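Asks: Residue 424 is where the sequence shown starts when you use my numbering, and the numbers rise one by one after that. Virtual Cβ for every residue (Gly too), placed ideally from N, Cα, C. Here the structure is a predicted model, which is why all the values come from computation and not from measurement.
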Amino acid sequence: MTRRTEWPVSATDHGAGPGPEFAAGHTAESEGAYEPEAGHGTGSGAGFGEGAGRGARSRSRSSGSPSLSRAEKGEPRDPVEQARNICLRLLTGTPRTRKQLADALRKREIPDQAAEEVLSRFEDVGLIDDAAFADAWVESRHHGRGLARRALVRELRTKGVDSAVIDEAVGQLDSEQEEATARELVARKLRSTRGLDRDKRLRRLAGMLARKGYGEGMALRVVRQALEEEGEDTEGLDEPF
Numbered sequence: 424m425t426r427r428t429e430w431p432v433s434a435t436d437h438g439a440g441p442g443p444e445f446a447a448g449h450t451a452e453s454e455g456a457y458e459p460e461a462g463h464g465t466g467s468g469a470g471f472g473e474g475a476g477r478g479a480r481s482r483s484r485s486s487g488s489p490s491l492s493r494a495e496k497g498e499p500r501d502p503v504e505q506a507r508n509i510c511l512r513l514l515t516g517t518p519r520t521r522k523q524l525a526d527a528l529r530k531r532e533i534p535d536q537a538a539e540e541v542l543s544r545f546e547d548v549g550l551i552d553d554a555a556f557a558d559a560w561v562e563s564r565h566h567g568r569g570l571a572r573r574a575l576v577r578e579l580r581t582k583g584v585d586s587a588v589i590d591e592a593v594g595q596l597d598s599e600q601e602e603a604t605a606r607e608l609v610a611r612k613l614r615s616t617r618g619l620d621r622d623k624r625l626r627r628l629a630g631m632l633a634r635k636g637y638g639e640g641m642a643l644r645v646v647r648q649a650l651e652e653e654g655e656d657t658e659g660l661d662e663p664f
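Shown next, in the form of structure tokens:
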């Protein structure tokens with residue numbers, strides 16, 4: 424058998440070698456690889472022969488590679504199925520709001536129609552429940568971190584929860600519960616401020632409450648009472664800090 428690794432010198436000398444016409448996919452009709460494309464000639468200058476066979480095989484391999492690549496990745500082509508898989512992965516282990524999931528789908532370039540279909544379906548079956556999310560968030564963040572209503576509202580807004588849903592969730596906390604939590608926070612922090620002068624203690628304790636969303640009036644009242652119980656002179660501490 425003749426080796427088909429190089430073009431003969433005589434072929435290239437006559438212009439029949441692998442020139443530009445082979446980049447266009449011309450092959451030898453006599454080789455039986457495939458029919459020439461419309462508009463291309465099959466004469467002596469069209470590149471018949473061994474190079475044509477290589478071109479046909481190369482084209483055949485390259486034409487199949489994109490589909491093989493997608494199959495190897497195992498990614499579903501249906502955008503609805505893609506959206507469903509993304510949402511299920513994100514919901515594993517932690518609840519999320521509809522907006523959080525919608526943002527994730529948008530970043531993955533899922534079409535809006537497919538995203539809307541999946542998100543609505545997940546709401547219908549209870550996998551997305553912004554009201555339950557908000558209730559659990561308030562319960563956890565208030566009792567676990569001592570956050571006041573103002574801070575909780577701010578956090579829930581950033582997660583895309585509707586204002587009416589937020590109002591209902593933070594309505595679980597009344598001002599009495601909020602003040603009781605503020606007193607607990609100050610009591611835990613008070614000991615670490617001993618040795619500081621009164622004004623520094625005030626700023627440190629009141630600042631801690633402010634960062635957790637407590638209003639100035641409540642923070643001042645709670646801190647003043649705590650300092651009085653330790654024997655501090657609180658005269659003048661009614662001034663805003």
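Residues in its own chain within less than 7 Å of Q523 by CB, not counting five upstream and five downstream?
Replies: Around Q523: K582, G583.
Asks: For D604, count the other beta carbons within 10 Å of its own beta carbon; 16 or more makes it buried, fewer makes it exposed. Which is it?
Replies: Here the sequence assigns Thr to residue 604, which means Asp is not the residue at that position. With 16 or more Cβ atoms within 10 Å of its Cβ, T604 is classed as buried.
Asks: For A537, which residues of its own chain have a beta-carbon under 6 Å away from its beta-carbon, when the five flanking residues on both sides are left out?
Replies: P502, V503, A506
Asks: From L625 to E562, what does the alpha carbon distance come to, in whole angstroms?
Replies: 28 Å
Asks: How about T517 and I551: do their beta carbons lie closer than 9 Å?
Replies: no
Asks: Is the CB-CB distance between L579 and A610 below 9 Å?
Replies: no
Asks: Where do the ends of the alpha helix (DSSP H) carrying G630 lie?
Replies: 621-634
Asks: Can you give me the start and stop residues for the alpha helix (DSSP H) that R531 sits inside?
Replies: Per DSSP, R531 belongs to no alpha helix (DSSP H) and is neither H nor E.
Asks: If the criterion is Cβ atoms closer than 9 Å, does the pair A554 and V588 meet it?
Replies: yes
Asks: In this structure, does DSSP put K522 in helix, strand or coil?
Replies: helix
Asks: Quick check on this structure: which residue in E532, A525, E655 has the alpha carbon closest to the alpha carbon of R500?
Replies: E532
Asks: If we require 4 or more residues per run, which alpha helix (DSSP H) segments fall completely within the stretch 560-604?
Replies: 572-581, 586-593
Asks: When the Cβ atoms of the stretch 593-603 are set against those of the stretch 615-632, are three or more pairs found closer than 8 Å?
Replies: no
Asks: Identify, in the order they occur along the chain, each residue of the same chain with its Cβ nearer than 6 Å to the Cβ of R666, setting aside the five sequence neighbours on each side.
Replies: Look at the range of the chain in this structure, 424 to 664, and you will see that residue 666 is not part of it.
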